[in-house]
Amino acid sequence: MAVLPPRVLADAAAQFVLALSLRNACATFFDDRVSMHRVQLVLPERGGDEQVLHGFNERSLTYLRLATVRDAAEHERRTIARCERRPLGIGLTVSHMNSVYHQMFHAPPGWETAHAWTDGGGPVTFVPLVFASAAIGRGKPAQPWRWHGWEFTLRALTDRPWAELARATSRLLLAPCTCFDRFEAHPAPFNPGARGNAARLRAFRDAALQRARRVHALAVAPRVEAYPEGAVAAQDVLYVSRAEGRRAVSNELVLLAALSAQHRLKRVVLEGLSLSEQMLLVAASTTIVAVHGQALAWVPFLPYERRRTAVVELVLNNQKKRFNDCYSVWCKALGVRYFRVAAQLTGGCTGGATNRDNEAVRQNKLLSCNVTVDIGQTVAATRVAAQMTEVKS
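Residue numbers (the working numbering): -11 to 381.
Next up, the structure:
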């Protein structure tokens, strides 16, 4: 049982805040019906109003609850001595523990906050601040070692191996309580598709790549070549294949044969690589061909500021010929040339959509289906992309 059990706060009387800067704050984690590992911060010394920390959520496009703050009860003050004490805790926003795409809205400002508070060195504990949409243990993995989105969020902040970070996260979440001499959380809104954020996104990317190179240097059996900082691989077209039977290209074998006949093609399955290896691979690439999905969330890691880069997205079009355009927006903001090839559903897949779903929900579910692409259109788009990114000798 938690030494500091969570308490339901009276929202009508609570102070709504967008940042926290606390002294002597104790974190306790609890599970509710929407997600595991929600956090409440308890203040051993009287601090005044209860507080509710909100952060901007890219899924709902509104501010949602991230954490609550309350004073310790009298009997709790006597038991806080049982809590482990640490010098500094940094709260980092979690929208989706498994999604690089969703964490791209939160990891850069989280890195900025942590960088500002840890620049002088010293031990720091990274505390996940979980939106309800994270659904940890409620449809999404409950085990920290499976949280690739959390690893992505932390990589720019530390070069500790992921296994070590996952164990540290588990210990934090399972502890009855953990007290911090100082606790900071500043979940600022951030949109990776905004042109004005390109410099901030690039600074975050560079920090993550620097750490990833250190992690990669210690790998026992690396699966990708770690090119020196700033270097780019030969004129390969990076084709991203899917390991699972979702969002895959049904006629991929024919497509690969056609692409290989015209290009130096490098086919990769990102799920078979570590997160650091994925970062480094994309950072040394110039042209990516992939189905709409997580592979294209790595677009900000292309070396777009040093040379011409391009993306060919194979994306399902709906009956109204509308597309999910998030990656085209990112490419435009970063100066990456973007090409889109419309794909068709394979074999009548519905993605679990029903007649009860509205059009927006239905289209989102259909994105999980396998697709069949037009070989000629895909080859033509890839040819133009490769020609545009080619460096003349």
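Glycine included, C-beta positions come from ideal geometry on N, C-alpha and C.
- Beta-bridge annotation (DSSP): residue 224 is paired with 252.
- Contiguous alpha helix (DSSP H) elements confined to the segment 73 to 121 occur at 88 to 91 and 95 to 106, taking only those with 4 or more residues.
- Beyond the five residues adjoining it in sequence on each side, residue 257 comes within less than 8 angstroms, by CB distance, of 228, 229, 230 and 231 in the same chain, given in chain order.
- In the three-state reduction of the DSSP assignment, residue 9 falls in the strand class, which pools E and B.
- Assignment of beta strand (DSSP E) within the segment 278 to 356, counting only whole runs of 3 or more residues, yields 298 to 304 and 325 to 333 in chain order.
- Remark: fewer than three beta-carbon pairs, one from each stretch, lie closer than 8 angstroms, so the segment 168 to 188 and the segment 118 to 132 are not flagged as touching.
- Counting along the chain, the unbroken beta strand (DSSP E) around residue 59 starts and ends at 50 to 59.
- In the structure shown, residue 262 adopts coil according to DSSP, grouped into three states.
- Take residue 130, set aside five residues on each side of it, and the residues of its chain with a beta-carbon closer than 7 angstroms to its own are 24 and 124, in chain order.
- Using a Cβ distance threshold of 8 angstroms, residue 376 and residue 298 count as a contacting pair.
- The C-alpha of residue 117 is placed about 21 angstroms away from the C-alpha of residue 147.
- Close CB contacts of residue 82 within its chain, under the 6 angstroms cut and outside five residues either way in sequence, are with 116, 118 and 122 (chain order).
- In this structure, residue 224 and residue 202 do not form a Cβ contact; the two beta carbons are roughly 25 angstroms apart against a cut-off of 8 angstroms.
- As the crow flies, the alpha-carbon of residue 95 is around 20 angstroms from that of residue 111.
- In terms of Cβ geometry, residue 157 and residue 226 do not form a close pair [threshold 8 angstroms].
- Between residue 98 and residue 80, the beta carbon gap of about 4 angstroms places them in contact (Cβ cut-off 8 angstroms).
- Residue 346 counts as exposed, since fewer than 16 other beta carbons sit within 10 angstroms of its beta carbon.
- Sorting 339, 373 and 317 by C-alpha distance to the C-alpha of residue 183 places 317 at the top.
- Using a Cβ distance threshold of 8 angstroms, residue 331 and residue 359 count as a contacting pair.
- Boundaries cannot be given for residue 126, as no beta strand (DSSP E) includes it and DSSP labels it neither H nor E.
- The three-state secondary structure of residue 46, taken from DSSP, is coil.
- DSSP places residue 229 within a strand segment (E or B) once states are collapsed to three.
- The alpha-carbon separation between residue 14 and residue 191 amounts to approximately 32 angstroms.
- In terms of Cα proximity to residue 78, the closest of 351, 101 and 57 is 101.
- One thing to note: residue 333 has its Cβ no nearer than 8 angstroms to the Cβ of residue 280.
- According to the DSSP assignment, residue 170 belongs to the beta strand (DSSP E) that extends over 166 to 173.
- Taking every protein chain shown into account, the CB of residue 373 has 16 or more other CB atoms within 10 angstroms, so this residue is buried.
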